[in-house]
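One structure is given below, encoded as structure tokens.
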Amino acid sequence: MGVSNDQTPGSEREQARRVFLAMLKARQLETKLSSLYKAGKIVGGVYLGKGQEAVSASLGSSLIKGRDVFAPLIRDQAGRTAFGEDVMDCARTYLGSQLGPMRGRDGNIHRGRPKEGLLAMISHLGAQVPMVTGTLLSRRLKGDLEGTVGATCVGDGATSTGAFHEGLNAAAVEKLPLVVVVANNQFAYSTPNDRQFACEDLLDRAKGYGVGGHSVDGTDFLDCVSGIGKAVSQARAGQGPQMVVARLLRLSGHGEHDDGSYVPDTLRAGHVGRDCMDVASEQMLAKGYATAEEIEAWREEITDEVQRALAKAQQEPVPDPWHEKWEAFSDNLSTTSEA
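Residue numbers (this note's numbering): -11 to 327.
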């Protein structure tokens, strides 16, 4: 697709193209997943990252698979893609294929490949923060932390949880290379900002924790690439935890089961209601990072890749409860242990 697969951040143009491609693929993939959900072919919830792709992909593309740790949340398909997750992993998990990373056992979003640094998602808000903090601390104790970054992306609602506080506070005390990106999408499900926190800006909390603070416009593609990339670089350089607050609007309901009718039309029509995908296309063209012909070719190639992956996953076997091994920790637990 005209961009290197090397995840080490390169020139501004290369990084922008990498992020943009991840955004395109995530948007196409989730559009198809939404259609499958509405057709009754997906069991469980479908949660779209529409409107958050620039934030998520900028974070994922700033990390290095095999070295760094990434704990994505429900709207982080773009980040997963940028970090290097295979489309088939997503397709197989949503469609219950026995060949997927969760072997068809999990409904959709809790997939991961921990050995590759991609941690499985935890549904409880804020829980990703202490999980990444603990992973980084364990690497330090093993003498294997240098040059590593641990990152997660959470919503504004998660910042009100005890887990968020404890995890970020511990990382600050230990000066761990943690990056927490807060996607302030204005609503914790249906609860607006003014009923969640009293501070003027969530970024005010960074100072209270003693961590680096960064603010980006979540609707502005290039601002996300630059600002989030800077936060990751500072953490990698030993400057301790970094917190990024991205202001945007969730452009869909909390999940595909929710119509988002509680969002005021004035907010949708305002600056935060801009679609980062449209902004990204305009900026890529304006900066000369891609041509209109290239973007159209990418769309066609990605559409074909996504359709082939989903079609294949739908033909694959699902778990057989009579033959599946359900042991939590081992497939070799003794069945003849003595009393």
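Think of the CB as a built atom: it goes at the ideal place given N, C-alpha and C, for glycine as much as any other residue.
- For the pair T121 and L166, the CB atoms are nearer than the 8 Å cut-off.
- As a beta-bridge residue in DSSP terms, D205 pairs with R235.
- In this structure, L125 sits near E162, with a CB-CB distance shorter than 8 Å.
- It is roughly 20 Å from the alpha-carbon of V204 to the alpha-carbon of S(-1).
- Going by C-alpha positions, G33 is about 7 Å away from G243.
- Our two residues, H202 and D182, have alpha carbons roughly 21 Å apart in a direct line.
- DSSP, read as helix, strand or coil, puts A160 in helix.
- Closest option to A194, judged by alpha-carbon separation, among G228, P180, R224 and D208: G228.
- If only complete runs of 3 or more residues are kept, the stretch 64 to 152 shows the beta strand (DSSP E) at 138 to 143, in order along the chain.
- As a beta-bridge residue in DSSP terms, T179 pairs with A176.
- As far as DSSP is concerned, L273 takes part in no beta bridge.
- Around E288, the same chain offers no residue with a beta carbon nearer than 7 Å, after the five sequence neighbours per side are excluded.
- Rounded to whole angstroms, the gap between the alpha carbons of I97 and A66 is 13 Å.
- With the rule of 3 Cβ pairs closer than 8 Å, the stretch 284 to 304 counts as touching the stretch 74 to 92.
- With 16 or more other CB atoms across the displayed protein chains lying within 10 angstroms of its CB, A139 is buried.
- Burial is judged here by how many other beta carbons sit within 10 angstroms of a residue's own beta carbon; D144 has at least 16 and is buried.
- For a cut-off of 8 Å, the C-beta gap from T207 to V260 is around 6 Å, short enough to register as a contact.
- The alpha carbon of V43 has as its nearest neighbour, out of T69, L21, K20 and S22, the alpha carbon of T69.
- Ranked by Cα distance from A171, the first of K53, Q116 and V232 is V232.
- Contact between the stretch 0 to 8 and the stretch 269 to 281 is established, with three or more Cβ pairs separated by less than 8 Å.
- Between the alpha carbons of V199 and T147 lies a gap of roughly 14 Å.
- By the neighbour-count definition (other C-beta atoms within 10 Å, threshold 16), S240 is a buried residue.
- Judged by DSSP secondary structure, A225 falls outside any alpha helix (DSSP H); it is assigned neither H nor E.
- Between the alpha carbons of Q116 and R99 lies a gap of roughly 14 Å.
- Taking the C-beta atoms as reference points, V75 is found nearer than 8 Å to V294.
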